[in-house]
Amino acid sequence: MGFSTLSNLQTLRPHLFLLSFIVFVSFSAVTLLDSMSALGDLGWEAYPAEGWEEISVMDERNTPMRTYQVCNVMEASQNNWLRTGLIPREGARRVYVEIKFTLRDCNSLPGVPGTCKETFNMYYHESNSPSLRHVRESQFIKIDTIAADESFTQVDVGDRVMKLNTEVRDISNLSKKGFYLAFQDVGACIALVSVRVFYKRCPMAVLNLARFPDTVTGGDSALVEVRGSCVEDAEELEAPRMYCSADGGWLVPIGRCVCRPGFEEHEGRCQPCRSGSYKASSLDAHCSKCPAHSHSTQEQASECPCEKGFFRADVDPRSMACTRPPSAPESVISTVNETSVALEWSPPRDSGGRGDVTYNVHCKQCTADGVSCWPCRSGGGGGPHFVPRQFGLSLPQVLVTDLQPRTNYTFSVEALNGVSDLSGSPHQVVFFNVTTSQKVNVVLKERKSRDSITLAWQEPDQAVGTVLEYEVIYYEKNQRHQNYTVLKTRSNIMTVDGLKPGTTYVFRVRARTDGGYGNYGGEIELETSHEDMLAMGDPNQATILAVSIAGGVVLLVLLVACFVVSGRHCGYIKAKQDPDEDKMQFQHGRVKLPGSRTYIHPHTYEDPNQAVRDFAKEIDVSSIRIERVIGAGEFGEVCSGRLKLPSKREICVAIKSLKAGYSEQQRRDFLSEASIMGQFDHPNIIHLEGVVTKCKPVMIITEFMENGSLDSFLKKHDGQFTIIQLLGMMRGIAAGMKYLSDMNYVHRDLAARNILVNSNLVCKVSDFGLSRVLEDDPEAAYTTRGGKIPIRWTSPEAIAYRKFTSASDVWSYGIVMWEVVSYGERPYWEMSNQDVIKAIDEGYRLPAPMDCPVVLHQLMLACWEKGRSDRPKFGQIVNTLDQLIRNPGCLKELANSSVWQDPGTPELAAGTVEEWLDSIKMGQYKDQFSSAGYVTLDSVLCVNVGDLGKMGVILAGHQKKILTSIQNLQTEQASHVHV
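Right under this line is the structure:
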């Protein structure tokens, strides 16, 4: 074999090599074969023997290189094969073959026949055998025909600037122990400078606290799913996974590990919390400094033990400071009214660092000398009755009724909080003594004429002190709630004129002494005559009247006396004695009907000013000191200030003033709220102190609520309260609404914005501008004649028919519960009013807020029953909440821990960061996300709590809402990975 144009083939072949060689380096490549690294003969098999020839040459660094070359271009029909030894695949399913070669341009070879080629073929054959005896073309699978990008000529050989060609081909889906490579020359002049066989792998990596091992890439273009393992001291939050691509790169990280309690993440590992710090939950990002009055002496603490004398309740979060029991209550004030006593005290000077202080009241009955005392019998056994209750009082006050007259009692008040039972020390108690007085009853006599009725009565027996005056109320039978009249006299005889002939009236009388008002006498029904009867005569002749009354009247006196003694119905006198009757006192000029608690609407008064006089106390303006403006109302400014009444301590008050230039109608409308508010007396109803009407400006004075409206207060303290504290707020509102519904009063605008909060987190119902009275019929409803309705808080029947009942207030209360648990979130978010009405009609109900216990959401859904008779009463709601407060274990199961959202997961349908933030009601942070560079949803997936803090999202509730939604986005993206 030789060239006729070349004197020596051996002088040509050394110049087939490029003396400068470039080595391929890849961090993720594993080499199976590299001909450049051979120190001796490669030993590949050539067939026929005169074809491929192995030679050794020196590169420019004088390093020996083993290579194969062939150049039988002068002979036609060449079929020269070169086969490697078995190359083990080492588990790789896809390998790459990199060849470096030089090739001679056929045109630069004078006299070469047209059979000269400028390409060669590359084949492979899989095998489990370490050797092949014969080379047959049929045994091999063709990989490709290889052509040179650049060929060289004779001139290039002389100048030694020959070009080196590099080609890479891959073999996929290998499955046997190894494979052979074969190169076929069909008439070219080529030299194989190097052959390198390698496969790619994804290198070991640590991401999201998960370690992923070296992984061999898959066959073809398949992704290999790899399950990661958490690094030391970490635990799975969600199974960590990644995909190893065919190119040896890691793709699509899913899930993550988090450092377990007591450890925090640092540079891809979990390091223990230092002494003095802790991490309670694996969901917390970093260790935190121990709360007040606690300390951890060792590393990796998951909580900080409390210092001596301080405690942490089971329901307290581990991040809460340790607290201690409160000190004793102070400044006890008792007001005795015959057989009842109002107790009031100041909160403990030291609350122990907690806001859940409650009070228990204990009662003992003592002998006159106070030497011997014994516990009072319970209220169910005829003993004292405590209003609102004896134990677990949230306010520092209680009314004790049904005491025995002229009896010594010792009361003790103890203050407790959430850790009082943990201390093992006696509870702090304050003692005080009271002595009750005698009740006052009256016996009624009468005489009637055509248009008047004359009443006479005996002075009460065993009256305590001098009788100061008598109070008479009367009304037409069956119209007690529409109109009644109150008369007062110092005499024990009274003639009521101007009555309708032949009409039945109901009368009741009670006496007032130094000890207060007594009980009303029983109801007596008297009918005016159709004809005139003998006049009574001079009122001063009371004794003559008592002797001359007809036998029937004498019988009446006996019957009334029978009623007073036995308390039973006697004869025709319809005495409806109420066991709570003695509690219904004349207060600030207000009369409550005995035996009932019915609200009287000011509009039923002929003179609205009389309603103000009856229900509101007039306050001297000199007793008021205005300090600052705190807001504006419909009729004028709202200020805070101080009220100092004679013989009473100074208190903080809110002052509503009527702006100048008002009309008489505006004055009446302004004062009507005082006429309504003055009829209520409950710890969860805003308390009216009085009015100023005798000078300008006209004012309404109420108690001052330091924390303002409930919705604003919750938004300001998002995520900062325990569920028990939120339950306490909801319970207070429900108790206030039960009181109103018991008085047949419908609020119509119950919402968090109309609930006020004081410094002790006590919630009180306010804003009585839209309320209406119900009739006796419990199913009756007040129908409006237009006006605005708060759609998002109003029941379907009230929207559709403008009919309001206590059941519609229950619906509104369910919305208020949702507002409380969601920390002031807007009900139904950005839905229009029409969309809300349609959705409610179709059965849609608000989903559970984030971290809402199942039992609370079930109670909300019960309040939102479409049929108003199916909704619970406020009394049932109060009982349910009391049970939950006593059994906090029922609150552990959460209805939905995901982000608050409309059904359909709106954030998953969002296309931009702005739309996503709007869908989770966090649109106020659009600028912060944009400024921080988070402009796509993919970039948002990497946001953590630290990033949120840097962006200015510092409210815990907002952080939790955003991070929960990000987890939803990650889960959704993982479920749609395209492989």
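Start counting the sequence shown at 48; every next residue gets the next number (this note's numbering). Every residue, glycine too, gets a C-beta built ideally from N, C-alpha and C. Remember, predicted model here, so these are calculated numbers, not experimental data.
Presumed contact (8 Å Cβ cut-off) between residue i and residue j, rounded CB distance
| i | j | result |
| --- | --- | --- |
| Leu80 | Val240 | With 8 Å as the limit, Leu80 and Val240 do not qualify as a contact, their Cβ atoms being about 14 Å apart. |
| Ala558 | Ala462 | Not confirmed; about 39 Å, so no contact. |
| Gly417 | Arg424 | Actually they do not touch by this definition, with Cβ atoms about 19 Å apart. |
| Ser1028 | Ile967 | The shown model of the chain, from 48 to 1026, leaves out residue 1028, and the question about it has no answer. |
| Lys762 | Tyr870 | 6 Å |
| Lys703 | Gly683 | 7 Å |
| Ala1003 | Gly775 | At roughly 20 Å, the Cβ-Cβ gap does not stay under 8 Å, so Ala1003 and Gly775 are not in contact. |
| Val379 | Val460 | 7 Å |
| Tyr531 | Ile520 | 6 Å |
| Val902 | Leu773 | With 8 Å as the limit, Val902 and Leu773 do not qualify as a contact, their Cβ atoms being about 13 Å apart. |
| Gly755 | Val804 | 7 Å |
Candidates the options, of which the one nearest residue i by Cα
| i | options | result |
| --- | --- | --- |
| Leu984 | Gln1014, Ala257, Pro394, Gln1006 | Gln1014 |
| Val271 | Ala257, Asp280, Asn255, Cys291 | Cys291 |
| Ala252 | Gly688, Ser75, Leu534 | Ser75 |
| Arg140 | Leu86, Asp217, Ala85 | Asp217 |
| Ser538 | Cys317, Glu523, Leu515, Tyr531 | Leu515 |
| Cys410 | Gly402, Trp421, Ile698 | Trp421 |
| Tyr94 | Pro260, Asp331, Ala85, Tyr115 | Tyr115 |
| Glu674 | Arg660, Glu665, Leu690, Lys664 | Leu690 |
| Gly465 | Val556, Phe554, Phe357, Thr542 | Phe357 |
| Gly138 | Ile723, Ile1009, Thr262, Cys989 | Thr262 |
| Phe768 | Val117, Val362, Glu214, Glu92 | Val362 |
| Cys937 | Gln905, Trp963, Gln923 | Gln905 |
| Gly783 | Phe727, Pro452, Cys337, Met83 | Phe727 |
Cβ neighbour criterion (16 or more within 10 Å) applied to residue i
| i | result |
| --- | --- |
| Lys1007 | buried |
| Phe717 | buried |
| Lys326 | buried |
| Asp824 | Caution applies to Asp824, whose pLDDT of 36 falls short of 50 and renders its modelled position unreliable; the value that the coordinates give is listed next. Under this definition Asp824 is an exposed residue. |
| Lys547 | exposed |
| His650 | exposed |
| Phe478 | exposed |
| Ala827 | Residue placement at Ala827 is poorly supported in this model, since its pLDDT is 38, which falls under 50; the coordinates are not used for a value here. |
| His313 | exposed |
| Glu753 | exposed |
| Leu821 | Bear in mind that a pLDDT of 40 at Leu821, under 50, signals an unreliable position, so the model cannot answer this. |
| Gln437 | buried |
| Gln712 | exposed |
| Ile1009 | buried |
| Ser813 | buried |
| Gln971 | exposed |
| Leu330 | exposed |
| Lys743 | exposed |
| Asp974 | exposed |
| Asp667 | exposed |
| Val215 | exposed |
| Leu86 | exposed |
Opening and closing residue of the alpha helix (DSSP H) in which residue i lies
| i | result |
| --- | --- |
| Glu657 | It should be pointed out that residue 657 corresponds to Gln in this sequence rather than to Glu. Segment 655-662, the alpha helix (DSSP H) holding Gln657. |
| Pro843 | 843-848 |
| Glu866 | 853-868 |
| Ile771 | 770-789 |
| Gln475 | It is not in any alpha helix (DSSP H) - Gln475 instead sits in the beta strand (DSSP E) that spans 475-482. |
| Val901 | 901-910 |
Enclosing beta strand (DSSP E) for residue i [first to last residue]
| i | result |
| --- | --- |
| Gln505 | 500-505 |
| Glu961 | That residue, Glu961, is in no beta strand (DSSP E); its alpha helix (DSSP H) goes 960-966. |
| Glu165 | Segment: none, Glu165 is in no beta strand (DSSP E) and carries neither H nor E. |
| Arg555 | 551-560 |
| Met112 | 111-117 |
| Thr213 | 212-218 |
Residue i Cβ short of 7 Å to the ligand ZN heavy atom set
| i | result |
| --- | --- |
| Leu941 | The ligand ZN is not part of the structure shown, which contains no ligands of any sort. |
Would you call the segment 98-107 and the segment 181-194 touching, i.e. three or more CB-CB distances under 8 Å? By the Cβ criterion, the segment 98-107 is not in contact with the segment 181-194, since fewer than three pairs of Cβ atoms, one from each stretch, lie closer than 8 Å.
How do the segment 842-849 and the segment 730-745 stand: do at least 3 beta-carbon pairs fall below 8 Å, yes or no? Using a Cβ-Cβ distance cut-off of 8 Å, the segment 842-849 and the segment 730-745 are not in contact, since fewer than three pairs of beta carbons, one from each stretch, lie closer than that value.
If we count Cβ pairs, one from each stretch, closer than 8 Å, do we get three or more for the segment 397-409 versus the segment 356-375? yes
Can at least three beta-carbon pairs, one atom from the segment 129-139 and one from the segment 217-229, be found at a separation below 8 Å? yes
Is it true that the segment 439-459 meets the segment 467-474, where meeting means three or more beta-carbon pairs spaced less than 8 Å apart? Not touching, per the Cβ criterion.
Meets three-Cβ-pair contact criterion under 8 Å: the segment 856-866 and the segment 785-799: yes
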